[in-house]
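Q: The listed protein sequences derive, respectively, from chains A and B. Quick note: the first sequence, position 235, residue 235 per the numbering used here, numbers continuous. All you need for the numbering used here is the position in the second sequence, starting with 1, plus 380. C-beta atoms are modelled at their ideal positions from N, C-alpha and C, and glycine is treated no differently. Bear in mind the structure is a predicted one, so any value in this text is a computation, not a measurement. Dropping the structure in here first, questions after.
There are 2 protein chains.
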Amino acid sequence: MAVGVVVPQDFVFGEIPEDRLPLDCGKTLGPVTLRYETHGTLNAGRSNAVLILHALSGDAHVAGRHREDDRKAGWWDEMVGPGRAFDPERHFIVCSNVIGGCAGSTGPRSVNPTTGRRYNLDFPMITIADMVRAQHRLMAHLGISRWLSVVGGSMGGMQVLEWARRYPEAVASAIPIATTARLSSQSIAFNWVGRQAIMNDPAWRNGEYEDAVPEQGLAIARMIGHITYLSDRSMDTKFGRRLQARDRYSYDFKRDFEVESYLEHQGQRFVERFDANSYLYISRALDYFDLSACGDGDLAKALAPARHCPFLVISFSSDWLFPPYQSKEIVGALRNNHAAVTYCDIESMYGHDAFLLEAEVLGRLIGDFLRCREREVGDA
Amino acid sequence: MAVGVVVPQDFVFGEIPEDRLPLDCGKTLGPVTLRYETHGTLNAGRSNAVLILHALSGDAHVAGRHREDDRKAGWWDEMVGPGRAFDPERHFIVCSNVIGGCAGSTGPRSVNPTTGRRYNLDFPMITIADMVRAQHRLMAHLGISRWLSVVGGSMGGMQVLEWARRYPEAVASAIPIATTARLSSQSIAFNWVGRQAIMNDPAWRNGEYEDAVPEQGLAIARMIGHITYLSDRSMDTKFGRRLQARDRYSYDFKRDFEVESYLEHQGQRFVERFDANSYLYISRALDYFDLSACGDGDLAKALAPARHCPFLVISFSSDWLFPPYQSKEIVGALRNNHAAVTYCDIESMYGHDAFLLEAEVLGRLIGDFLRCREREVGDA
């Protein structure tokens, strides 16, 4: 059953100097707003809280609708609701927008209180660890000392790994999905090209755009990303070489193929809801993510603090952005530490996006895993 | 042994109306210049001619040097020379630049004789079949009625397939390498994004650029392409997450990683030697390539005219642009026609670019295959 209307909330911290958020780059950030949404109620034992972490283009709006007549529900709506994996009748579900984002949390387009103008490129570079540090403040604010589980796909999965490593006492279980412990050379390369497209757009103006935003550059970055989220096979199944509303080639450079029309549409839709500077910052945070660096190059060492945390690691067979072998590296490191780890490589043709699309099998796996964790927490 | 200095030659045709080149789009093109280079001598029986066909960014300069002090040799230099697979002591080797290109053959930047100005977007859309039709004119000009073999990788391999199908009497054997019988949805998608980057570059000016060329757009298109030419593993081996001349992150958007520096370099080098409008036209020719369409969707039917032609089909295990399964489709269609086909999937980590890099194993395979064909031609 779907959840109903949800009201976004803001948590603000770091308004006084000693409360500012320290960042990996050496700077501090404050004040910081975190936009978050919740479903369900924290129980008396404060043992039923689940933290859901979103991907690059995601936000706090994980499920339900902001208004009854919203056409679209939150990004993981099928996973959240009575009888679903994340069940507001059993769980207190929290999803927070990351810092650096553009959906309510403090990011490069926020106003810098010391100048009264948008940060833009004065915004400090942020990392996955910085995102997690900010969420840790939210956790205290919500009166939670331990999450029943932290869960997320893609960039959300990186945050899961960082949570488990950095705050092991605060994480009763962890579910990293379709993710990696470090960005590969190929992924860094795609991110680089996407950022170049944004920064080459004359409308970008070194990040100081106002009315005219670097739409074309951002659309190109998104289209590149989007191809990496799908699989060769899913694209061939969905579009193949079908032409868009025509029966022969146009012999020009306009849209001929359905896949071209689809990409153009995805690019345009993204520009309406996402900010170019946020794209730069968050994609850079992805590049910089390398968990093994926290263990002097040894992933098992980096994950050693999380050795008492049960993991459910999930990958998808056709994901070529963060392929199964990268999940297996995580699993190998966890097993090396004798952590309790369940690993499932789900056979799917949907590529990386499968973590958003394979809700049925994901829901079953995660639902079972969470019920076991609830029993453990209840027994403890 | 390497070949020495080679002098490019031009063949011009289509200067009178009835001699113009008919194109798939319905238009005709003329006059047409084809830039080509040759090695070796046509034998008395005219039976030793080999046609080498180049890829998207290739040209007629397959081997040797234009000047003795040229720093770089032709693009397949390791394959051409005495004792090599293509041996000027045995073969008359021909390599011609495609129409639509920017390395001597007629393309969008050529002057349109009817206007006295560059064609730019007035250049007619060309297809792989059009490229092959033009080469067929060159063949007659050279006094050759049958190629001992036509061979090429990537887009060159598409021309090989088209040659074998369109002019079966003129092809004694065919060697399509790292290629496909039709562009997949994913490849069309990457090409689309690359073209958008070029056409969004303000310097492009609807193709009418002169002094200021759309460098940034073309560099982005090239960088996207370049990632698809490498494999995840080869990138991780070659660059990994190594930083470029620094020991910690810069926490900014400049080049941090070696792979970023490499891509930037590749983009810049490409801009120096390739033309943006040519990139648009040739990438569109790739999109439009679908051999099975010539057989009403049946690849075996499309290749039926080539059923008496021996084929050597070669793919590379880590090629994800034109993956082995696409070569296997070609092989399956040929076998369906009872054609004599040898198929080899070469284990390589170099991705699509392996056809340029795995010269040793390629040379051995192709050398053996050609020697058999020479014997057959000799016996006939």
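Three or more C-beta pairs under 8 Å: does that hold for the segment 614 to 621 of chain B against the segment 631 to 639 of chain B?
A: The segment 614 to 621 of chain B, when compared against the segment 631 to 639 of chain B, does touch it at the 8 Å Cβ threshold.
Q: Contact check, residue 222(A) vs residue 283(A) under 8 Å by CB: the rounded distance?
A: Working through the first sequence from its first residue, we reach residue 222(A) at position 222. Working through the first sequence from its first residue, we reach residue 283(A) at position 283. With a Cβ gap of about 11 Å, residue 222(A) and residue 283(A) do not count as contacting.
Q: Kindly list, in the order they appear in chain C, the residues whose Cβ is closer than 7 Å to that of residue 202(A).
A: Chain labels in this structure do not include chain C; the protein chains are A and B.
Q: Report yes if the CB atom of residue 697(B) is closer than 8 Å to the CB atom of residue 723(B), and no otherwise.
A: As a first step, residue 697(B) is located in the second sequence; it is residue number 317 there, counting from the start. As a first step, residue 723(B) is located in the second sequence; it is residue number 343 there, counting from the start. No, the pair does not count as a contact, with Cβ atoms beyond the cut-off.
Q: For the beta strand (DSSP E) containing residue 694(B), name the first residue and the last one.
A: Position 314 of the second sequence, counting from 1, holds the residue named residue 694(B). Note, residue 694(B): beta strand (DSSP E), 691 to 696.
Q: Extract the residue ranges of the alpha helix (DSSP H) inside the segment 131 to 180 of chain A, only unbroken runs of 4 or more that lie entirely within it.
A: Listed in chain order, the complete alpha helix (DSSP H) runs (minimum 4 residues) inside the segment 131 to 180 of chain A are 155 to 166.
Q: Answer yes or no: does any C-beta atom of chain B fall closer than 8 Å to that of residue 30(A)?
A: Locating residue 30(A) in the first sequence gives position 30, counting from the first residue. Taking Cβ atoms only, chain B never reaches closer than 8 Å to residue 30(A), which makes this a no.
Q: Could you spell out where the alpha helix (DSSP H) holding residue 270(A) opens and where it closes?
A: Along the first sequence, read from residue 1 onward, the residue named residue 270(A) stands at position 270. It spans 258 to 273 - the alpha helix (DSSP H) in which residue 270(A) sits, taken as one unbroken run.
Q: Which residues in the same chain have their Cβ closer than 7 Å to the Cβ of residue 499(B), if we skip the five residues on either side of it in sequence?
A: By one-based count along the second sequence, residue 499(B) stands at place 119. Hits under 7 Å: 488, 490, 492.
Q: Please determine, among 80(A), 25(A), 170(A), 211(A), the residue with the shortest C-alpha to C-alpha distance to residue 305(A).
A: Counting from one through the first sequence, the residue named residue 305(A) turns up at place 305. The option with the nearest alpha carbon to residue 305(A) is 170(A).
Q: Pick from 97(A), 101(A), 115(A), 79(A): whose alpha carbon is nearest that of residue 91(A)?
A: On the first sequence, residue 91(A) is found 91 positions in, with the first residue counted as 1. Taking only the C-alpha atoms, the option nearest residue 91(A) is 79(A).
Q: Is it buried or exposed, residue 571(B), if we count other Cβ atoms within 10 angstroms and call 16 or more buried?
A: Reading the second sequence from its first residue, position 191 is the one you call residue 571(B). It is buried - the Cβ of residue 571(B) has at least 16 other Cβ atoms within 10 Å.
Q: Helix, strand or coil for residue 191(A), going by three-state DSSP, please let me know.
A: In the first sequence, residue 191(A) corresponds to position 191, counting from 1. Three-state result, residue 191(A): helix.
Q: Listed from N- to C-terminal order along the chain, which residues in the segment 384 to 405 of chain B have their beta-carbon within a distance smaller than 7 Å of any beta-carbon of chain A?
A: Under the 7 Å Cβ criterion, the segment 384 to 405 of chain B contributes 405.
Q: At a Cβ cut of 8 Å, what residues of the segment 648 to 682 of chain B count as close to chain A, listed as they run along the chain?
A: Listed in sequence order: 660, 664, 667, 668, 670.
Q: Residue 252(A) touches chain B at which residues, Cβ-Cβ below 8 Å?
A: One-based indexing of the first sequence puts residue 252(A) at position 252. Those within 8 Å of residue 252(A) in chain B are 505.
Q: Considering only C-alpha positions, which residue in the set 690(B), 635(B), 654(B), 568(B) is nearest to residue 263(A)?
A: In the first sequence, the residue the question calls residue 263(A) occupies position 263. Among 690(B), 635(B), 654(B), 568(B), the Cα nearest to that of residue 263(A) is on 568(B).
Q: Output, in chain order, the set of chain A residues within a Cβ distance shorter than 7 Å of residue 570(B).
A: Translated into positions along the second sequence, residue 570(B) becomes position 190. The contacting residues are 227.
Q: When you compare only the Cα positions, how much space is there between residue 16(A) and residue 122(A)?
A: Counted from its first residue, the first sequence places residue 16(A) at position 16. Counted from its first residue, the first sequence places residue 122(A) at position 122. If I take the Cα positions, the gap works out to 20 Å.
Q: Does the beta-carbon distance from residue 726(B) to residue 741(B) come in below 8 Å?
A: Counted from its first residue, the second sequence places residue 726(B) at position 346. Counted from its first residue, the second sequence places residue 741(B) at position 361. Taking 8 Å as the Cβ cut-off, residue 726(B) and residue 741(B) qualify as a contacting pair.
Q: Strictly below 7 Å CB to CB, what residues from chain B border residue 130(A)?
A: Translated into the one-based positions of the first sequence, residue 130(A) becomes position 130. Under the 7 Å cutoff, chain B gives no residues; its nearest Cβ is about 11 Å from residue 130(A).
Q: Pick from 717(B), 516(B), 612(B): whose alpha carbon is nearest that of residue 323(A)?
A: The residue given as residue 323(A) occupies position 323 in the first sequence. For residue 323(A), the nearest C-alpha among the options comes from 612(B).
Q: If you run the structure through DSSP and keep just helix, strand and coil, what is residue 11(A)?
A: If you number the first sequence from 1, residue 11(A) lands on position 11. Strand at residue 11(A).
Q: Nearest to residue 298(A) by CA position, among 336(A), 84(A), 184(A), is which residue?
A: The residue labelled residue 298(A) in the question sits at position 298 within the first sequence. The shortest C-alpha separation from residue 298(A) is found at 336(A).
Q: Here's a check: name, in chain order, each residue in its chain whose Cβ is nearer than 8 Å to the Cβ of residue 385(B), leaving out the five neighbours to either side.
A: One-based indexing of the second sequence puts residue 385(B) at position 5. Around residue 385(B): 444, 445, 446, 447, 448.
Q: With 8 Å set as the bound, which would you pick, yes or no: does the beta-carbon of residue 577(B) sit closer than that to a beta-carbon of chain A?
A: The sequence position of residue 577(B) within the second sequence is 197, counting from 1. Yes, because at least one Cβ of chain A sits closer than 8 Å to the Cβ of residue 577(B).
Q: Can you tell which of 10(A), 131(A), 248(A), 19(A) has the C-alpha that lies nearest to the C-alpha of residue 673(B)?
A: In the second sequence, the residue the question calls residue 673(B) occupies position 293. The residue with the shortest Cα to Cα distance from residue 673(B) is 248(A).
Q: Between the segment 210 to 226 of chain A and chain B, which residues of the former have CB atoms less than 9 Å from a CB of the latter, in chain order?
A: Those would be 216, 217, 219, 220, 223, 224, 226, in chain order.
Q: Going by CA-CA distance only, name the one from 219(A), 234(A), 176(A) that's closest to residue 564(B).
A: Here residue 564(B) refers to the residue found at position 184 of the second sequence. Here the closest residue by C-alpha is 234(A).
Q: Residues in the segment 540 to 565 of chain B with C-beta within 8 Å of chain A's C-beta atoms, listed in sequence order?
A: From the segment 540 to 565 of chain B, only 562, 563, 564, 565 have a Cβ closer than 8 Å to chain A.
Q: When you compare each of 579(B), 534(B), 552(B) to residue 560(B) by their alpha carbons, which one comes out closest?
A: On the second sequence, residue 560(B) is found 180 positions in, with the first residue counted as 1. Checking every option, the nearest Cα to that of residue 560(B) belongs to 534(B).
Q: Give every residue of the same chain whose Cβ lies closer than 6 Å to the Cβ of residue 89(A), excluding the five residues on either side of it in the sequence, and list them in chain order.
A: To locate residue 89(A), count along the first sequence from 1; it is residue 89. Answer for residue 89(A): 82, listed in chain order.
Q: Which two residues bound the contiguous beta strand (DSSP E) that contains residue 35(A)?
A: In the first sequence, the residue the question calls residue 35(A) occupies position 35. Segment 32 to 39, the beta strand (DSSP E) holding residue 35(A).
Q: Interface residues of chain A around residue 538(B) at Cβ under 8 Å?
A: Taking the second sequence and counting its residues from 1, one reaches residue 538(B) at position 158. Within chain A, no residue comes near residue 538(B); the closest Cβ sits about 14 Å away, beyond 8 Å.
Q: Quick one: Cα of residue 147(A) to Cα of residue 205(A), how far?
A: For this step, residue 147(A) is matched to residue 147 along the first sequence. For this step, residue 205(A) is matched to residue 205 along the first sequence. Using only the alpha carbons, I get a separation of about 42 Å.
Q: Please report the straight-line C-alpha distance between residue 509(B) and residue 436(B), rounded to a whole angstrom.
A: Numbered from 1 along the second sequence, position 129 holds the residue referred to as residue 509(B). Numbered from 1 along the second sequence, position 56 holds the residue referred to as residue 436(B). Distance between the alpha carbons of residue 509(B) and residue 436(B): 15 Å.
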